[in-house]
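K.L.:
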Amino acid sequence: MLRGGKALLVLGLLLLLQLTVDPNHYVSRVLLLSCFSVMLAVSLNIINGYAGQFSIGHAGFYAVGAYTGASLSHFGREWMEASLGLASFPAWLADSAVLLAAVVAGSVAAAVAGFIVGLPSLRLRGDYLAIATLGFGELIRVIFINIDRVGGARGFSIAPINSIFWIGLFTVGIVWLSRNLLNSRQGRALQALRDDETAASVLGINITSYKVMAFVLSAAMAGCAGALYAHFDGYLQPDSFNFIRSIEIIIMVVLGGLGSTTGAVIAAVVLTVLPETLREFADYRMVIYSALLVICMLVRPQGLLGTSEFSWASLRSRGKETGGGLA
Amino acid sequence: MDQLSQIPQLIVTGMTAGCIYAIVAVGFTIIYNTTGVINFAQGEFVMIGAMVAAVLMAKFSFLVAFPAAVLAGCLVGAVLAGFVLIPLKRAAVLTLIIITIGASIAMQGIAQFLWGETAIPVPPFTGIPGEGFVEDRSFHLLGAVIRAQELWVVAVTALIVIGMTLFFRYTLIGQAMRACETNPAGARLVGISVRRMVVLSFVMAAGLGALAGLTVSPVFYARVNMGTALGLKGFCAAVLGGLGNFSGGIIAGIVLGIVESLTGGLLWSDYKDAVAFVILLAILLIRPEGLLGRKADQK
Amino acid sequence: MAALIQAVQVTRAFGGLVAVNSVDFSVRRGQMKALIGPNGAGKSTLLNLLTGITPVTSGDIIIDGSSIRGRPAFHAATLGLARTFQNVRLFENMTVIENVMVGCHSWTRQGIASGALRWIGHWREERLIIEESHRQLGRVGLEAEAGADAASLPFGKQRMLEIARALAGHPQVLMLDEPASGLSTRETAELSSLLRQIVSEGVTVLLVDHDMQFVMDISDEVTVLDQGRTIAEGTPEQVQSDAAVIAAYLGTEPN
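See below:
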């Protein structure tokens, strides 16, 4: 209702881009890649930033979403065409249907994985939970490397469906959902448990169930990004979901400011676009990243934006946002 | 029946890998006990030792290469300690862990820049001298072929275990380091410089790691990215044995190496690498403090 | 009248140390009850047991008719319990009003979908939450600082914020752990009148504190704990002149 006008504007813009811009052009590719980074960083921010849990296996959820979505698209396309009569639809509609199905499958599978990884939070605190997430991420990668049906170490090739509209839509959607969460009852509960678990539980917040919820939601978003990514190039390799990838996402969240969605978005875009523009330094990318990370931790551990968020309201009133966001 | 006959060989191979995991675990333990930090760069120390030894062996004798490799490791350890020390008192432990993660990636990146990505073969300590590639001696025992270098790995591991036990129990410095673990404020009061102990713990962990690296490199080749897997698995061993528990880490490392080898050889060869993580996850669910750890940390 | 809160033969041991030893303790609806005792008597432990944060070693805790034994820490809140902490536990990265809004958690119901997707239910409830939060802030005199960072408040105001947060949950019982410690005389007087007002509105209050004057002034009934056991119970006057109580305090007075 309140957002109706803005939503139509966004949809219209994306549609326009879809119809006019070539997704395979170098610039589009870089921007689309940064969309994936944004989705990953924003989703990780829910676990690391809002809930204050330390998760260092996020690439695992990304992988689950990617491989599940790719499998559905690759192995299930004929079935879908037959039972849903897709063959008679125009190409763009059929492709969109397949893509959406893949995204749903990827998100659900990743959400299940998120549930499994989040459950141990019942018994584990701090470093130990981080260790569990690390183990999980690596486990996923090793498993996928060895499933021959999805290509194993050689990689998995599927028919690409590269859609600016859908990638853009899901990116905007995920950022929007995440921002909404921040100023909602559930989001406040997450931040409360981040700041002081005991005090939060005394107020009636079920700590474990909220931690698990954070994992499930975050994983689902990463899975969605994964499924979209799988169709971006049409080629998946287990090594692109390794520990280093998880670290890259953490770097984005940490640099942008743990707890700030805006920070995560900015950092994700900058850290994806910058390496592309500085191609000569590609070899040094990891060294530069890690140097950045170390410096950031030493000088400003709360990241660029700390926990502050960008909002139109605060631009207008130049004061702190009081909770609620009725604007 | 054919499978059963492979077991001795698998155990031997597993033992070798296990010893390296054990040494890495010891490194983790030393640093964790003094600072509470989980040092994700531990595996890279092994890599540094292996790479420096490999590169130097091509031109110099092992008398130069080996000490140089260990020294290189110690130097890097000292540098890392410096970075961790800066925010140590006021920073959250997780911040420090992120710093070590960043350091490990930086080390790998720099190593890649210096030495490229190819694997470098390293001649074994007591190989049979000859033209070109140096062959290693081997023994037959109970149906397994044991390479001389593998015995060296076990020997070095044993030396490290004995050395560390003696060090921590009987030397003043060793006891000082143990004091830092239990009570940093108290340690300071009696004149122990916690800063120095932190640097020392990193230097020791790094030196040990480098030693492990140069000893195992003739068996597994020296490669710039060997650190990640070793670090992760050594870390699994440390958790399995109980974070902070010295002997736990060693036993767990060897057990992990053997279990991994047996599983890979007898059951699913493809999933051999997954074994360490499955065990890690299992232990975290069942008994997070590890097999021999004390039920402490609820951070 | 049946007790609202009842501790039945409750014991809590930490390894060899028995902090609370077979204590029978109850609070009746509408009371302003105080729990006092020398340092180390076990008061905070008993409070933790009553709110379900610490599990009992033996015995039972019954709140409004249901036992909380074996239940998770957040369960007590659903039975109408609220508490403050000895060393104020605010949500430091949130603003003053956000802290109070979290306090509204137990009587609100909006789920994740509603919050993330901004359904009508979310807006309706947010309005209620904001109104209620402002009301509680007004009650403790923090209305002006609503948008400030919780961590930036001076100590006395942080205490009041914690109370506002606890009250935002519309509790049946409010338990306060050393609420007067660190407060100035004026602030203590404000606290006293706030607590009297709360009781007059029907909230039961349990007070744990050291400050004798403060406790005796406002409580209906006092229980004295020493070394994990109850040694006296009665009106403030009765307890003040009880020999065992005097001995316990004088005996453990630091020299």
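Protein chains in written order, with the working numbering: chain A, 2 to 328; chain B, 3 to 301; chain C, 71 to 325.
C-beta: ideal position from N, C-alpha, C; glycine also.
#1: Between which two residues does the alpha helix (DSSP H) holding residue 197 of chain C run?
#2: If the criterion is Cβ atoms closer than 8 Å, does the pair residue 81 of chain A and residue 102 of chain A meet it?
#3: Since residue 219 of chain C sits in a beta bridge, which residues does DSSP pair it with?
#4: Roughly how many whole angstroms lie between the Cα atoms of residue 48 of chain B and residue 231 of chain B?
#5: Thinking C-beta only, is residue 173 of chain A closer than 8 Å to residue 11 of chain A?
#6: Would you mind reading off the limits of the alpha helix (DSSP H) that contains residue 143 of chain C?
#7: Considering just the uninterrupted stretch of the alpha helix (DSSP H) at residue 78 of chain A, what are its terminal residues?
#8: So, using beta-carbon positions, are residue 208 of chain B and residue 16 of chain B closer together than 8 Å?
#9: When you compare the CB of residue 248 of chain A with every CB in chain C, is at least one pair closer than 8 Å?
#10: Counting along the chain, where does the alpha helix (DSSP H) carrying residue 121 of chain B start and finish?
#11: Put residue 126 of chain A into one of helix, strand or coil per three-state DSSP.
#12: What ranges does the alpha helix (DSSP H) occupy inside the region 18 to 52 of chain A, keeping only unbroken runs of at least 4 residues that lie completely in it?
#13: Under 8 Å Cβ-Cβ, which residues of chain B neighbour residue 143 of chain A?
#14: Determine the burial state of residue 229 of chain C: buried for a count of at least 16 other Cβ atoms within 10 Å of its Cβ, exposed for fewer.
#15: Do we get a CB-CB distance below 8 Å when we pair residue 301 of chain A with the residues of chain C?
#16: Rounded to a whole number of angstroms, what is the C-alpha to C-alpha distance between residue 2 of chain A and residue 202 of chain C?
#17: Within the 8 Å Cβ cut-off, does residue 163 of chain A reach chain C?
#18: Ends of the alpha helix (DSSP H) at residue 96 of chain A?
#19: In the DSSP output, what is residue 177 of chain B paired with across the bridge?
#20: Helix, strand or coil: which one does DSSP assign to residue 314 of chain A?
#21: Measure the beta-carbon distance from residue 278 of chain C to residue 269 of chain C and round it to whole angstroms, keeping in mind my assumption that it falls under 8 Å.
#22: Along chain B, which residues have their Cβ under 8 Å away from the Cβ of residue 244 of chain A?
#23: Against chain B, with Cβ distances strictly below 8 Å, would residue 184 of chain A count as a contact?
#24: What residue ranges within the region 146 to 233 of chain A form continuous alpha helix (DSSP H) runs of no fewer than 4 residues, ordered along the chain?
#25: Does any CB atom of chain A fall closer than 8 Å to the CB of residue 180 of chain C?
#26: Just to confirm the assignment, what range does the beta strand (DSSP E) spanning residue 121 of chain C have?
#27: Use the C-beta contact count for residue 269 of chain A: other C-beta atoms within 10 angstroms, 16 or more gives buried, fewer gives exposed.
#28: For a test of the three-state rule: what should DSSP assign to residue 291 of chain C, helix, strand or coil?
#29: Helix, strand or coil for residue 21 of chain B, going by three-state DSSP, please let me know.
#30: What separation, rounded to the nearest whole angstrom, lies between the Cα atoms of residue 75 of chain C and residue 309 of chain C?
#31: Opposite residue 236 of chain A in the DSSP bridges: which residues?
#32: What are the partner residues of residue 156 of chain C, as DSSP defines its beta bridges?
#33: Can you give me the C-alpha to C-alpha distance between residue 89 of chain B and residue 214 of chain B, rounded to a whole angstrom?
#34: Could you give the distance in angstroms between the alpha-carbon of residue 322 of chain A and the alpha-carbon of residue 217 of chain C?
#35: Where does residue 258 of chain C fall in DSSP's three states?
#36: Which same chain residues, not among the five before or five after residue 314 of chain B, have their C-beta less than 6 Å away from its C-beta?
P.N.:
Working from what's here:
#1: 190 to 209
#2: yes
#3: C:165
#4: 11 Å
#5: yes
#6: Segment: none, residue 143 of chain C is in no alpha helix (DSSP H) and carries neither H nor E.
#7: 59 to 85
#8: no
#9: no
#10: Per DSSP, residue 121 of chain B belongs to no alpha helix (DSSP H) and is neither H nor E.
#11: coil
#12: 27 to 46
#13: 273, 275, 276 and 279
#14: buried
#15: no
#16: Confidence is the limiting factor: at residue 2 of chain A the pLDDT is only 43, short of 50, which leaves the residue's position unreliable, though a coordinate-based value still follows. Spanning the two alpha carbons is a distance of roughly 25 Å.
#17: no
#18: 92 to 119
#19: DSSP lists no partner for residue 177 of chain B.
#20: Because the pLDDT at residue 314 of chain A is just 49, under 50, the model does not fix this residue reliably, and the point stays unresolved.
#21: Not really, about 16 Å apart at Cβ, beyond 8 Å.
#22: 230 and 234
#23: no
#24: 165 to 183, 186 to 196 and 198 to 203
#25: yes
#26: Note, residue 121 of chain C: premise wrong, no beta strand (DSSP E); not H, not E.
#27: buried
#28: strand
#29: helix
#30: 21 Å
#31: A:158
#32: According to DSSP, residue 156 of chain C bridges with nothing at all.
#33: 30 Å
#34: Summary for residue 322 of chain A: the model assigns pLDDT 35, below 50, so the residue's position carries little reliability; its value from the coordinates is reported in the next sentence. So the alpha carbons of these two residues sit roughly 7 Å apart.
#35: helix
#36: Any property of residue 314 of chain B remains undetermined from this structure, which presents chain B solely from 3 to 301.
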